[in-house]
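*Asks:*
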Amino acid sequence: VPGVHDPLDPEYSILKQRLARRARYERVDTAQLDLVSITKLAARTIANDLEFLVEKAVDTNKANYAVVTGVQIHNWAVELTEESGVPSLEFVAWDKCYVVVNGHRTYLDLSKVPALSPRQLQLMAKASITKQKEEEEYIIGKTSAGTLKEIPLKYLTQRLGVTKDPGDLPSIPELQGWTANI
């Protein structure tokens with residue numbers, strides 16, 4: 001319920017309060033809200049809150065800083081095991097990106113960064129599935145619409161409460177045609 005503080009989940013309850021206030025401020029018709037519009041509302045709210053905090057905390061005469069905001073779109077994998085053959089990729093839709101140097105703000109257009117090639121995306125996916133990297137390393141790639149980030153399987157299984165230890169899961173010898181489902 002928006003406006004009710006939940007001490008067991010303070011971040012989410014505060015976000016719901018902030019979203020309800022923002023929707024009222026922007027005179028949003030809540031009956032018309034869908035997942036995309038709620039996500040965009042959340043992105044605007046979070047970006048404004050962050051900029052407010054930076055304004056209060058940073059002395060631009062003494063410090064340069066950067067602001068990058070966005071929304072993480074959850075992993076689309078149905079199953080977070082190596083047997084599934086689906087890579088552990090996250091999507092981040094960026095919202096604002098700028099740097100402030102000597103008090104001068106410069107906006108960065110992330111859409112101008114070239115998108116990853118299909119080969120690069122396959123390499124990221126293969127590394128995710130076959131663990132051809134150190135366990136705790138991340139793989140990050142950029143597309144024109146957002147950022148893909150590989151999250152280590154060990155972290156995901158611990159975070160989501162999967163009962164199997166990722167080290168106990170059998171390795172798959174090669175990709176199992178996961179791109180055919182895209």
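For the sequence shown, the residue numbers in UniProt numbering are 1 to 182.
All C-beta atoms, glycine included, are put in the ideal place defined by N, C-alpha and C.
Note that the structure is a prediction, hence the values are computed from the model and not measured.
#1: Excluding five sequence neighbours on each side, which residues of the same chain lie with their C-beta closer than 6 Å to the C-beta of G70?
#2: Does D29 come out as helix, strand or coil in the three-state DSSP assignment?
#3: Please name the residue in Q72, G103, L53, N61 whose C-alpha comes closest to that of A43.
#4: Cα-Cα, which of S111, D59, L123, L41 is closest to V101?
#5: In chain order, what residues of the same chain have a beta carbon less than 7 Å from the beta carbon of T45, not counting five sequence neighbours either side?
#6: Any idea what DSSP makes of D9, helix, strand or coil?
#7: How is the alpha helix (DSSP H) around T39 delimited, first residue to last?
#8: Does DSSP classify A93 as helix, strand or coil?
#9: If you draw a straight line from the C-alpha of K16 to the C-alpha of Y25, how long is it?
#10: With distances taken from CA atoms, which of E51, L53, V67, A31 is nearest T106?
#11: Run through the DSSP bridge pairs and tell me what I73 is partnered with.
#12: Provide the residue span of the beta strand (DSSP E) that contains T106, from first to last.
#13: Report yes if the CB atom of L116 is closer than 8 Å to the CB atom of C97, and no otherwise.
#14: How long is the line joining the alpha carbons of D6 and L50, rounded to whole angstroms?
#15: In angstroms, rounded to a whole number, what distance separates the CA positions of L53 and L121?
#16: When you compare only the Cα positions, how much space is there between N64 and P10?
#17: From Y12 to T39, what distance separates their C-alpha atoms?
*Replies:* Let me lay it out:
#1: Excluding its 5 nearest sequence neighbours in each direction, G70 has C-beta neighbours in its own chain below 6 Å: V92, A93, W94, D95, listed in chain order.
#2: D29: coil per DSSP, three-state reduction.
#3: When only C-alpha atoms are compared, the closest one is Q72.
#4: Of the candidates S111, D59, L123, L41, the one whose C-alpha sits nearest the C-alpha of V101 is D59.
#5: Result list for T45: R18, L19, R22, in chain order.
#6: It is coil, neither helix nor strand.
#7: Element bounds for T39: 35-57.
#8: The answer is strand: DSSP assigns A93 an E or B state.
#9: Spanning the two alpha carbons is a distance of roughly 14 Å.
#10: When only C-alpha atoms are compared, the closest one is V67.
#11: BP columns for I73 point to F91.
#12: Note, T106: beta strand (DSSP E), 104-107.
#13: Against a cut-off of 8 Å, the Cβ pair of C97 and L116 comes out as no contact.
#14: Within the model, the alpha-carbon separation for D6 versus L50 is close to 22 Å.
#15: Going by the C-alpha atoms only, they are around 36 Å apart.
#16: For N64 and P10, the gap between their C-alpha atoms comes out near 31 Å.
#17: Using only the alpha carbons, I get a separation of about 14 Å.
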